[in-house]
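Residue numbers (my numbering), protein chains in the order written: chain F, 34 to 145; chain D, 5 to 118.
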């Protein structure tokens with residue numbers, strides 16, 4: 034199976050700190066897609082970003098940024114100036130064919 | 005508003021009973037999916053369906069069954085054969101049967117065996 038690894042089980046930061054969530058994936062495909070989802074305490078997964086394997090440009094959206102490096106098979110997610118509302122479980126996922134494969138998630142706790 | 009509705013939000017089951025979790029979408033998506041979430045294990049695929057009247061097993065299909073009689077609906081039955089059914093169940097859909105566009109998720113059903 035082509036795995037997605039999120040080695041950080043839980044991260045705790047103080048509000049306004051920057052935090053990076055790591056994601057490493059395995060793939061044998063030339064074409065694939067990478068995703069990040071946020072799961073707040075309510076349970077629903079909220080889509081954050083999608084990248085395809087041909088586009089290694091980093092992306093910034095407000096306080097969120099993503100660093101995609103094919104050479105290291107990584108797709109890391111950084112939150113700048115974290116806020117309490119960022120507290121959630123974050124999932125990285127790889128899409129290939131007709132399925133998404135998810136990592137085990139990283140629980141982010143942002144405290145005052 | 006378009007979206008995915010899962011019901012009930014909380015479900016309690018006695019040992020040996022079958023229970024059915026509902027998933028309805030009004031997004032006109034072709035593909036639908038069921039995932040199980042356990043602490044520390046992420047999301048694992050149970051079943052998926054790319055078109056009406058067709059579905060495939062995912063990674064952990066044993067003890068579960070599904071049907072796809074209508075495009076909008078993809079109910080999941082947790083049978084008595086599922087040895088450890090207590091978990092959080094998430095339904096998702098996507099416009100096509102590929103993973104290209106990502107999924108839209110419902111808000112989940114938390115199943116507890118009592």
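Ideal placement from N, C-alpha and C gives every residue a C-beta, glycine not left out.
Please report whether the beta-carbon of residue i lies at a distance below 7 Å from any beta-carbon of chain F.
i: residue 111(D); result: yes
i: residue 31(D); result: no
i: residue 104(D); result: yes
Measuring only the C-alpha atoms, how far is residue i from residue j?
i: residue 79(D); j: residue 129(F); result: 25 Å
i: residue 123(F); j: residue 18(D); result: 32 Å
i: residue 70(D); j: residue 106(D); result: 22 Å
i: residue 60(F); j: residue 36(F); result: 8 Å
i: residue 40(F); j: residue 114(D); result: 26 Å
i: residue 12(D); j: residue 111(D); result: 10 Å
i: residue 59(D); j: residue 72(D); result: 7 Å
i: residue 62(D); j: residue 35(D); result: 14 Å
i: residue 121(F); j: residue 62(F); result: 30 Å
i: residue 46(F); j: residue 117(D); result: 35 Å
i: residue 82(D); j: residue 57(D); result: 19 Å
i: residue 79(F); j: residue 87(F); result: 24 Å
Let's test the definition: count the other Cβ atoms within 10 Å of the Cβ of residue i and tell me whether it reaches 16, buried, or not, exposed.
i: residue 93(F); result: exposed
i: residue 96(F); result: exposed
i: residue 100(D); result: exposed
i: residue 72(F); result: buried
i: residue 145(F); result: exposed
i: residue 16(D); result: exposed
i: residue 65(F); result: buried
Are any of the Cβ atoms in chain D nearer than 7 Å to that of residue i?
i: residue 135(F); result: yes
Q: Taking a Cβ distance cut-off of 7 Å, strictly less, list which residues of the segment 104-131 of chain F are near chain D, in chain order.
A: So the close ones are 124, 128, 129, 130 and 131.
(Q) Please identify, using Cβ separations under 7 Å, the residues of the segment 62-96 of chain F that lie next to chain D, in order along the chain. (A) Per Cβ criterion, the list reads 66, 68, 75, 76, 77, 78, 80 and 83.
Q) Counting Cβ pairs closer than 8 Å, one from the segment 130-138 of chain F and one from the segment 110-120 of chain F, do we hit at least three? A) no
Q: Mind checking the segment 35-54 of chain D against chain F and listing, in chain order, the residues whose C-beta falls within less than 9 Å of any C-beta there?
A: 35, 37, 39, 41, 44, 45, 46, 47, 48, 49, 52 and 54
Q | Residues, ordered as in the chain, of the segment 78-108 of chain D that lie near chain F by beta-carbon distance below 9 Å | A | 92, 94, 96, 98, 100, 101, 102, 103, 104, 105, 106, 107 and 108
Q: Decide yes or no for the touch test of the segment 42-52 of chain D against the segment 22-29 of chain D: beta carbon pairs closer than 8 Å, at least 3 of them.
A: With a cut-off of 8 Å, the segment 22-29 of chain D and the segment 42-52 of chain D do not count as touching, because too few Cβ pairs lie within range.
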